[in-house]
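The numbering used here numbers the first residue of the sequence shown as 35 and each following residue consecutively.
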Amino acid sequence: MSLYSAGVEYGIHCLLFLVDERGDSRESSVRDLAELQGVPQEYLAKVFTKLARAGLVAATEGVRGGFRLARPSDEITVLDIVTAIDGPKKLFDCREIRERCAVFEGSAPGWATEGTCAIHAVMLGAQKRMEEALAQQTILDLARRFGRKAPAEFGQKVNDWMSERRDGKGSAGDIPLQTV
Numbered sequence: 035m036s037l038y039s040a041g042v043e044y045g046i047h048c049l050l051f052l053v054d055e056r057g058d059s060r061e062s063s064v065r066d067l068a069e070l071q072g073v074p075q076e077y078l079a080k081v082f083t084k085l086a087r088a089g090l091v092a093a094t095e096g097v098r099g100g101f102r103l104a105r106p107s108d109e110i111t112v113l114d115i116v117t118a119i120d121g122p123k124k125l126f127d128c129r130e131i132r133e134r135c136a137v138f139e140g141s142a143p144g145w146a147t148e149g150t151c152a153i154h155a156v157m158l159g160a161q162k163r164m165e166e167a168l169a170q171q172t173i174l175d176l177a178r179r180f181g182r183k184a185p186a187e188f189g190q191k192v193n194d195w196m197s198e199r200r201d202g203k204g205s206a207g208d209i210p211l212q213t214v
């Protein structure tokens, strides 16, 4: 079982497509992003509602409106996206099992329950390091990493595909955002 939902993966991928090769924001509709990536449009609309509510994307106006990044790509971290879509997540939920040892016969001594549980402390440290790692990576970082991997013609094909859609030669319109 994964810690984060499929919506996190969909959201990160979508935001990557809202960044051009220079790191500038570009515009696209939820419908087009769903079609481009082969993901469910209705689910993606819910993801974008959350991203907009968190101030990571902004709706664009007009008949062919869609979304663009609401902040520069180097100011949107992976942790921002994860938190916007799935909310804060605990890596571990301590059940205070240390209080239940049969040897204590129903009354755990102070030394056994004093302070933070050692196991919980390890898990809190791991969560902190994971969140720090996610906070250090921005959409721009991911876009650059992807750009180094993909052939140049891929970026051009994506630009052409999105331009065709935006100019009205592709899909017709977008679906409204749903309140989640």
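Even for Gly, the Cβ is constructed at its ideal location relative to N, Cα and C. Fair warning: this is a prediction, and the values are worked out from it, not measured in the lab.
Pop quiz: residue i and residue j are said to be a contact at Cβ under 8 Å. What is the actual Cβ separation, rounded to whole angstroms?
| i | j | result |
| --- | --- | --- |
| V42 | V91 | Their Cβ separation, rounded to whole angstroms, is 15 Å, which puts V42 and V91 out of contact at 8 Å. |
| S62 | G100 | 5 Å |
| L37 | K123 | 6 Å |
| Q171 | T94 | Contact flag wrong, Cβ pair sits at about 26 Å. |
| T147 | R132 | 6 Å |
| A118 | L85 | 5 Å |
Counting only the same chain and skipping the five closest in sequence on each side, list residues whose C-beta sits under 8 Å from that of residue i.
| i | result |
| --- | --- |
| D120 | Y38, S39, G41 and V42 |
Buried or exposed: residue i, going by 16 or more other Cβ atoms within 10 Å of its Cβ?
| i | result |
| --- | --- |
| G144 | exposed |
| V214 | With a pLDDT of 36 at V214, under the threshold of 50, the modelled position of that residue is not reliable, and no figure is offered here. |
| I173 | buried |
| A167 | exposed |
| G129 | Note that residue 129 corresponds to Arg in the displayed sequence, not to Gly. Exposed is the call here. |
| D201 | exposed |
| V53 | buried |
| R98 | buried |
Which residues in the same chain have their Cβ closer than 7 Å to the Cβ of residue i, if we skip the five residues on either side of it in sequence?
| i | result |
| --- | --- |
| F82 | V64, V91, F101 and L211 |
For the candidate residues the options, whose alpha-carbon lies nearest to that of residue i?
| i | options | result |
| --- | --- | --- |
| F126 | G159, W195, R134 and E198 | G159 |
| I46 | E166, D54 and L113 | L113 |
What do you reckon, is the C-beta of residue i under 7 Å from a heavy atom of the ligand HEM?
| i | result |
| --- | --- |
| K162 | In terms of ligand content, the structure shown is empty, and the ligand HEM therefore cannot be addressed. |
Which residues in the same chain have their Cβ closer than 6 Å to the Cβ of residue i, if we skip the five residues on either side of it in sequence?
| i | result |
| --- | --- |
| C151 | C128 and R132 |
| G189 | E55 |
Touching or not, the stretch 57–77 and the stretch 131–140, by the rule of three or more beta carbon pairs under 8 Å? no
With three or more C-beta pairs closer than 8 Å as the rule, is the stretch 50–60 touching the stretch 103–113? yes
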